[in-house]
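For the sequence shown, this note's numbering assigns the number 517 to the initial residue and increments by one for each residue that follows.
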Amino acid sequence: MTLRRLRKTVVDLFALEDYEKAEHKKQAINRLQRTADELSSTRSESFTQSDLLHHMIKVLPFSPTEEDPKGMEGMSGQFFQPRTESWLALHHLDIDRSSVREKIEKFNEDLDNPRIPAGFQSSTSIISEFAQSFAYRIGWYYTANRVGTKCDLMLDSDWFPTNGFLLEDYCKYIVHWGLSDAWVPGRKNEGCPHAMLMITHPVDGDERLLRGEVLCILETMKFRLSLPEFKDHCVAPVMIISIAHNKGRILQAYWDGQYVVIRQSPFYALNTKDISTYNIFVRYMANIPIGDAKEIPLQNGRL
């Protein structure tokens, strides 16, 4: 084969790959939109695994307390590498700071003397207010001053806060959940399509996935995949910190070429003084984005 023919063959291969990737992304985004429309048209507040499987959404359980962060790199379906417990122990809260001590004391006082928020009459509004207060608490543990960091875990792990406007124009029609915070990878990982969000719900949760959790995942994936800066990416991994009333869980989701796969942790009670519960959440929020998001998943699979 001559050099000219070899060069043409290489160019043709790249063109074919780009075309296949573009077609895959188009079909994936259409699938995400179609599924979001189908689920948003229902009146269900939550969905069973069987319900979601009919919509090509697969739910897999995982345990944050048993999962080993070491060796995750290169593993299929892993896109968020949490910090280890030993790493977090080296970066504990800076208790020598009076502001840190006072905040923890205030949290504990609120638990000892829970009050119904003034001006809130319905059970839904009260539950929603409690969920937002616990979301604030998790956020504080994430951004509080810590030993051995630049300042806090958010800065040290290089996640950039978007002040909640990540989905401002894309989720207006979704009701019964609230976007508390949203983060995207910072400068060190700015080419990563990963996204992390914290959302709250005005309902109690159980083992079923809540409407807001599923729709938030679908809309975030669709939004991130549609951005020009991620034109070469086929997967937009999403992690959700989900707070329902006084408990929270972690969800991690990705597109595998055929299903939206959602990894679901158990709920953890947040009305506790035990800092180890909050450490579970901050270890995962201080994660390192990993995984190959550019490769077409299941290239032989059909959408």
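Cβ atoms here follow ideal geometry from the backbone N, Cα and C, with glycine treated the same way. These numbers come from a predicted model, not from an experiment.
Locate the beta strand (DSSP E) running through residue i, then write down its first and last residues.
{"i": "G764", "result": "763-771"}
{"i": "F676", "result": "675-677"}
In terms of DSSP beta bridges, what is residue i paired with?
{"i": "Y784", "result": "G764"}
{"i": "G694", "result": "T716"}
{"i": "L568", "result": "DSSP, once it has assigned bridges, lists no residue as partnering L568."}
{"i": "L725", "result": "F563"}
{"i": "I756", "result": "L713, L767"}
Among residues of its own chain, excluding the 5 on either side of residue i, which ones have a beta-carbon nearer than 6 Å to its beta-carbon?
{"i": "P805", "result": "P701, N705, C708, H710"}
{"i": "Q565", "result": "V575"}
{"i": "T640", "result": "P718"}
Using only alpha-carbon positions, find the residue among the options that is nearest to residue i.
{"i": "K789", "options": "E621, M588, G593, K541", "result": "E621"}
{"i": "L568", "options": "R724, S602, R613", "result": "R724"}
{"i": "P782", "options": "R765, L726, L627, A809", "result": "R765"}
{"i": "N629", "options": "P813, N787, I812, K738", "result": "N787"}
{"i": "V754", "options": "S579, G593, D553", "result": "G593"}
{"i": "R599", "options": "A809, R799, K810, Y658", "result": "R799"}
{"i": "S792", "options": "Q768, H608, E539, G728", "result": "H608"}
{"i": "W603", "options": "R550, Y794, G664", "result": "G664"}
{"i": "T581", "options": "N795, L726, D808", "result": "N795"}
{"i": "I643", "options": "D534, K619, E618, K763", "result": "K763"}
Between which residues of its own chain and residue i is the CB-CB distance below 7 Å, once the five residues before and five after are set aside?
{"i": "G587", "result": "none"}
{"i": "A473", "result": "Outside the displayed span of the chain (517 to 819) sits residue 473, for which this structure offers no information."}
{"i": "K666", "result": "D672"}
{"i": "V616", "result": "L609, D610, A660, N661"}
{"i": "S649", "result": "none"}
Residues in the same chain with beta-carbon distance under 8 Å from residue i, minus the five sequence neighbours each way, listed in chain order, please.
{"i": "G655", "result": "S696, D697, M714"}
{"i": "A552", "result": "L731, L734, E735, K738"}
{"i": "D674", "result": "P701, G702, R703, K704, N705"}
{"i": "I812", "result": "E536, K537, H540, C750, G773"}
Which residue comes first and which comes last in the alpha helix (DSSP H) that contains residue i?
{"i": "G655", "result": "639-659"}
{"i": "I796", "result": "791-801"}
{"i": "D672", "result": "669-672"}
Curious, which full-length alpha helix (DSSP H) runs of at least 4 residues does the stretch 559-631 contain? Unbroken alpha helix (DSSP H) stretches of 4 residues or longer found wholly inside the stretch 559-631: 565-569, 601-606, 614-628, given in chain order.
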